[in-house]
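If you count by full-length UniProt numbering, then the sequence shown holds residues 1 to 200, one letter each, in order. The beta-carbon is built from N, C-alpha and C at its ideal position, and this holds for glycine as well.
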Amino acid sequence: MSQAIDSSGRIGPNAITRVAEALEHRVDLKTQQAVFAAAELQHHLTEPPTEMVDENDVSRLHQALREHCDEETAKTVSLEAGRLTADYLLAHRIPRPVQILLKLLPAPLAARILLTAIGRNSWTFAGSGQFSVEYSPRLQLRIDNSPLCRLLRANNPVCDYYAAVFEHLFRQLVHRRTRVIESQCAAAGGEACLFAVSWS
């Protein structure tokens, strides 16, 4: 399954640890072990990473998830892992006073402030990929050269993990009815991964 990847970025450990946590909730131990073994990360099941990880590890893990689980299970695991990651960020990375302020602001302004912060820290989830935001004609997030789907080929968008992280953060900090939908994915032939954000 291994495939050469020309990249050198590093990503926060949540991209691995939360997948492991979500897998534990959704599949049996044998499948958990198969996914992590295929990604050459079986040691992380017993020793979860606590530092930044090589983005190649994340690419292999998300490839293995899609290869060893059916499409619905892989999607469910990815979505849960994304929500768990967002919960971690809310609990440990986004200061409480900032969260309170964002909730008090009009949604468009809160979104701009939140996305500015996300952009400054995008290397922690996009690695060597590039994160950008388009505000007009509609709010859209873009990740070029996404490590999450770099090894994947699919008929539909597969970056459910990213979509869930963005959506949960927006629902908690910007507008509770926010929806984030991946409208284009590099794994499905798109030039980049695009995420449409709306709350009306």
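Residue environment, I16, which counts as buried when at least 16 other CB atoms sit within 10 Å: To locate residue 16, count along the sequence shown from 1; it is residue 16. Answer is buried; the Cβ neighbour count reaches 16.
Buried versus exposed, by CB contacts within 10 Å (16 or more), P97: On the sequence shown, position 97 is the one that residue 97 refers to. With fewer than 16 other Cβ atoms within 10 Å, it is exposed.
Start and end residues, beta strand (DSSP E) containing R196: For the purposes of this step, residue 196 is taken as residue 196 along the sequence shown, with counting starting at 1. For the sequence presented, residue 196 should be read as Ala rather than Arg. It spans C193 to S198 - the beta strand (DSSP E) in which A196 sits, taken as one unbroken run.
Own chain partners of Q42 with C-beta closer than 7 Å, once the 5 adjacent residues on each side are dropped: By 1-based counting over the sequence shown, the position of residue 42 is 42. Within the same chain, Q42 has close Cβ partners Q33 and F36.
Residue span of the alpha helix (DSSP H) that contains I94, given as start and end: In the sequence shown, residue 94 corresponds to position 94, counting from 1. Counting along the chain, I94 falls outside any alpha helix (DSSP H), and DSSP gives it neither H nor E.
E47 (DSSP reduced to helix, strand or coil): Taking the sequence shown and counting its residues from 1, one reaches residue 47 at position 47. The answer is coil: DSSP assigns E47 none of H, G, I, E or B.
As assigned by DSSP and simplified to three states, the class of S146: What you label residue 146 is simply residue 146 of the sequence shown in a count that begins at 1. Coil, per DSSP.
Counted within 10 angstroms of its Cβ, other Cβ atoms place I143 as buried (16 or more) or exposed: For this step, residue 143 is matched to residue 143 along the sequence shown. Counting Cβ neighbours within 10 Å, I143 comes out buried, since at least 16 surround it.
Cβ shell of G190 (< 6 Å), same chain only, five flanking positions each side left out: Indexing the sequence shown from 1 puts residue 190 at position 190. Result list for G190: Q184, in chain order.
Residue-chain proximity (R150, chain D), Cβ-Cβ < 8 Å: Included in the structure is just one protein chain, with no chain D present.
Pair within 8 Å by beta-carbon distance, P147 and G127: Position 147 of the sequence shown, counted from the first residue, corresponds to residue 147. Position 127 of the sequence shown, counted from the first residue, corresponds to residue 127. The answer is yes: Cβ separation under 8 Å.
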